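Protein chains in written order, with my numbering: chain A, 195 to 614; chain B, 22 to 211.
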């Protein structure tokens, strides 16, 4: 059977299946009814977020679009909104309101302090890993790169074909390769000290959920699972406890915590997990079927108790800040072009600290991906029509360009990808 | 397959009254509904979910109708809504809750009258693909979109589209070796 035959077989099967689909009796009124519901929810969400953010006390609150702190500056310990700020601090620390999600008029800031992959639009096979220490030309043998994480003196890179997990030295040379499983992800503990990934067991039809420190000579530890379910690494709730999600062929997920030498334990309270840290797992707890939109929650692993729940935001996968105190989130709505706003939540309460929103209701600026750069700054890949940019957002509400915007076309490949 | 729809107004024309706007939208919906439902069915595997997905996609398109200035991009836009909705965390969670609480099996609207075992096996294979890989397969091999168009809709790189397609075909090839029925019928098919 040749590649061509397989394509033909697939195409023919899909067409025959599709041809048998009947129905299609939607009328305008039904669609308008659902649209009204979505609009009501969006308006309620906008109002709620604006009101909550305005009421939250943040020290050193900056005016909209004021300059960002230099990366590495210490964020005051009490910088996170508590929801019940002390009366003496409220007056001088009030946040002005939502901050603009826009590329217009942003000042140019420092280069990114975390790695990103730069793809040359004219030569997509050419890939550069741009790090704070310099640019690493990746081997042509590496196909599309899904993740690149600093590990020891080099890098752990997840790439196709395969996918395979490649160990790279500091110069980007491949020094080891293993067959990979899982949903194209490597999870990194929020403090960057451990990696969680999934390898194919070379001796058996099984997969190995593997935890490894990013430095030192400690041997990795693994949990063996059957080969078929898809495993998504989530993170760690402490140095010894990994969190991962197993999704069966029907799409149902179960979340597990796992300690060395012990059977993984099921964790209830979440439909899917997005992040983990300091004894807590975060994720989706409920769903509003109208959008459908999410409720998000934090579950204490030791007690299984729900610490908080919010139905205003959906959490980013891997969106816990390095200090474990803040979470990246989007509203419970994703447009056809991506998320229309970016929120930073207090991880201890689920309440918003700051919201980056459209400057106009007709805006089409979308956040495509985000990652924490420092405890106080987030890098986001932003698309404004055909213009792409990496933008740095601060927990105080400021924003600036981290690299110069690049013009593309609607059907052009993204020119850069955040790797954390 | 309808790829471009002739809309009631000229491309780029200023949208007039709400009535005109709704008439324009209704014309688009009527023209694209069946096609989108088919794509949604291939993405989801059941008609109930597919119909719900298409309704949500149209509702979101309706809200954005005035913003989509270049009408030739509407098809791509609504497809992206469809795929994003289907891939979203909350949609998956919603589906999980449905399947875990509803003991009545989903109504299967499609009866494959031509099925001789091979087609059913192939369809089962498609349904077993990871969600994003399945979207790549449907958009590439059913919608016949270019790799760049698929990449744009899914928000992934062209290289990832290539690799995901290759993975799916490699998995199918692997199935051929492990399922004699599939291999035999595949040979007969040619």
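Note that the Cβ used here is the ideal one computed from N, Cα and C, for glycine as well. Predicted model, so just to flag it, every value in this text is computed and none were measured.
Secondary structure note for residue 426 (chain A): its beta strand (DSSP E) is the uninterrupted segment 424-432. The C-beta of residue 186 (chain B) has 16 or more other C-beta atoms within 10 Å across all chains shown, which makes the residue buried. Against chain B, the beta carbon of residue 232 (chain A) has neighbours under 7 Å at 80, 81, 84, listed in chain order. Collapsing the DSSP output to three states places residue 545 (chain A) in coil.
Measuring C-alpha to C-alpha distances from residue 479 (chain A) to each of A:460, A:472, A:471, A:504 identifies A:504 as the nearest. Taking C-beta atoms as the reference points, residue 366 (chain A) and residue 330 (chain A) count as a pair closer than 8 Å. Taking all protein chains shown into account, residue 551 (chain A) has 16 or more neighbouring C-beta atoms within 10 Å of its C-beta and is therefore buried. Residue state for residue 335 (chain A) is assigned as coil, using DSSP reduced to three classes. Within chain A, the residues 228 have their CB atoms less than 7 Å from the CB of residue 77 (chain B), given in chain order. Shown here, residue 385 (chain A) sits in coil according to DSSP, grouped into three states, outside any helix or strand.
Going by beta carbons, residue 451 (chain A) and residue 439 (chain A) fall outside the 8 Å limit.
In the DSSP assignment, residue 155 (chain B) falls within the unbroken alpha helix (DSSP H) covering 152-158.
Close to chain A, meaning a Cβ-Cβ distance shorter than 8 Å, are the following residues of the stretch 171-182 of chain B: 172, 173, 176, 178, 179, 180, 181. Under the rule that a run must span 4 or more residues, no alpha helix (DSSP H) segment is found entirely inside the stretch 438-509 of chain A.
A straight-line Cα-Cα distance of about 12 Å links residue 319 (chain A) and residue 609 (chain A). Interface with chain B (8 Å Cβ-Cβ cutoff): residue 200 (chain A) is included.
Residue A:323 holds the alpha-carbon nearest to the alpha-carbon of residue 341 (chain A) among A:347, A:491, A:323. Here residue 412 (chain A) is exposed. Its C-beta has fewer than 16 other C-beta atoms within 10 Å.
At a cut-off of 8 Å between C-beta atoms, residue 47 (chain B) counts as an interface residue with respect to chain A. Here residue 473 (chain A) has 431, 432, 494, 495, 496 as same chain residues with Cβ atoms under 7 Å from its own Cβ, once five neighbours each way along the sequence are excluded. About 6 Å separates the beta carbon of residue 174 (chain B) from that of residue 104 (chain B), a gap short enough to meet the 8 Å contact definition. The DSSP-derived three-state label of residue 177 (chain B) is coil. Looking only at B:57, B:56, B:94, B:81, the smallest Cα-Cα distance to residue 170 (chain B) is reached by B:94. Chain order gives no chain B residues near residue 420 (chain A), where near means a beta carbon separation below 8 Å; the closest approach is about 15 Å. Taking residue 442 (chain A) as the centre and dropping the five residues before and after it, the same chain places the C-beta of 423 closer than 7 Å to its C-beta, in chain order.
Residues of the stretch 349-365 of chain A with a Cβ closer than 7 Å to any Cβ of chain B, in chain order: 354, 355. For the options A:349, A:364, A:476, A:372, the alpha carbon positioned closest to that of residue 356 (chain A) is the one of A:372. Residue 233 (chain A) counts as exposed, since fewer than 16 other beta carbons sit within 10 angstroms of its beta carbon. Residue 63 (chain B) is a Cβ neighbour of residue 212 (chain A), given a cutoff of 8 Å. Within chain B, the residues placing a beta-carbon under 7 Å from that of residue 424 (chain A) are 151, ordered along the chain.
Annotation: residue 40 (chain B) has no Cβ neighbours in chain A at a cutoff of 8 Å; minimum Cβ distance is about 11 Å. Beyond the five residues adjoining it in sequence on each side, residue 336 (chain A) comes within less than 6 Å, by CB distance, of 353 in the same chain, given in chain order. Your pair residue 492 (chain A) and residue 428 (chain A) does not check out as a contact, with CB atoms roughly 13 Å apart and the cut at 8 Å.
Contact of residue 157 (chain B) with chain A by beta-carbon distance below 9 Å is absent, the smallest such distance being about 11 Å. When Cβ-Cβ separations below 8 Å define contact, residue 338 (chain A) makes contact with chain B. Our two residues, residue 509 (chain A) and residue 151 (chain B), have alpha carbons roughly 22 Å apart in a direct line.
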